[in-house]
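For the sequence shown, the numbering used here assigns the number 91 to the last residue and increments by one with no breaks. We put the CB at the ideal spot given by N, CA and C, even for glycine.
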Amino acid sequence: MVLGIMNHLKENEDVYIYLKTVRQNTRALILARLEKSVIDGEIPADTDVGKLASYFLGIIQVISFQARDGASRNELMSLIPPAMAIITP
Numbered sequence: 003m004v005l006g007i008m009n010h011l012k013e014n015e016d017v018y019i020y021l022k023t024v025r026q027n028t029r030a031l032i033l034a035r036l037e038k039s040v041i042d043g044e045i046p047a048d049t050d051v052g053k054l055a056s057y058f059l060g061i062i063q064v065i066s067f068q069a070r071d072g073a074s075r076n077e078l079m080s081l082i083p084p085a086m087a088i089i090t091p
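Okay, here's the thing in structure tokens:
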């Protein structure tokens, strides 16, 4: 079903739109936090926060898929440090 929704099948239009909105809202929240990080000096001012927000949304999606497929908490948590390393000054 999830892949059907992701492939935007006609019979799943309502669910597709809902999930797309959720993804867009999640990206917007990540983007807002990254913009605050630039303002607060936590990350460099020249950081492309739009691309970084998309990157972190992708990481969240991958972790979610792996969790759904039965990955352990330790396996999932081990994905976070390499993802965060991208913003280490």
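Does the distance from the C-beta atom of residue 52 to that of residue 33 stay below 9 Å?
As a first step, residue 52 is located in the sequence shown; it is residue number 50 there, counting from the start. As a first step, residue 33 is located in the sequence shown; it is residue number 31 there, counting from the start. The answer is yes: Cβ separation under 9 Å.
Consider the C-beta atom of residue 75 and the heavy atoms of the ligand COA; say whether any pair is separated by less than 8 Å.
In the structure shown, the ligand COA is absent, as is every other ligand, since no ligand is present at all.
Can you grab the Cα-Cα spacing for the pair residue 11 / residue 21, in whole Å?
For this step, residue 11 is matched to residue 9 along the sequence shown. For this step, residue 21 is matched to residue 19 along the sequence shown. Distance between the alpha carbons of residue 11 and residue 21 is about 13 Å.
Can you have a look at residue 55 and say buried or exposed, based on whether 16 or more other CB atoms are within 10 angstroms of its CB?
Mapped onto the sequence shown, residue 55 falls at position 53. Buried.
Quick one: give me the first and last residue of the alpha helix (DSSP H) that residue 54 is part of.
One-based indexing of the sequence shown puts residue 54 at position 52. Note, residue 54: alpha helix (DSSP H), 51-70.
Ordered along the chain, which non-local residues of its own chain (more than five positions away) have a Cβ less than 7 Å from that of residue 44?
Here residue 44 refers to the residue found at position 42 of the sequence shown. If we look at residue 44 and ignore the five residues flanking it on each side, it has no Cβ neighbours.
CA-CA distance, residue 46 and residue 58?
Position 44 of the sequence shown holds residue 46. Position 56 of the sequence shown holds residue 58. Between residue 46 and residue 58, the C-alpha separation is close to 17 Å.
Rounded to whole angstroms, what's the CA-CA distance from residue 90 to residue 60? Just pull it up for me.
What you label residue 90 is simply residue 88 of the sequence shown in a count that begins at 1. What you label residue 60 is simply residue 58 of the sequence shown in a count that begins at 1. When rounded, the distance between both Cα atoms is 18 Å.
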